[in-house]
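Written below as structure tokens is the structure these notes are about.
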Amino acid sequence: ELYRIIDSLCREGLGVIVTSSELPELLTICDRILVLCEGRLTGEFGRSEFSEQAIMVAATQGESSTIEVTLDQTE
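Per our numbering: the sequence shown = residues 96 to 170.
Here it is as structure tokens:
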């Protein structure tokens, strides 16, 4: 039902904003995907540029990759 409504609105020339973390869903219903990571726009893809890999790279660009390691130097 939701997809039918979205399709109907798009056919009328309206823009629809969809928020989802379900990539297969987004790849099916979207003409353009904007990716946000930690409040920043990290990717923008047109339908011809869609790929799960490209979107996942954009989705993780802003994430901290620092790992803190503490060594016990007592013997």
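Positions of the beta carbon are idealized from the N, C-alpha and C atoms, including for glycine. As the structure is a computational prediction, the values presented were derived from the model and not from experiment.
- Relative to the Cα of E120, the nearest Cα in the group E144, Y98, T155 and A154 belongs to Y98.
- When DSSP states are grouped into helix, strand and coil, T137 belongs to the strand group.
- In this structure, DSSP gives L129 an extended state, which the three-state scheme calls strand.
- For the 9 Å CB-CB criterion, G138 and I150 form a contact.
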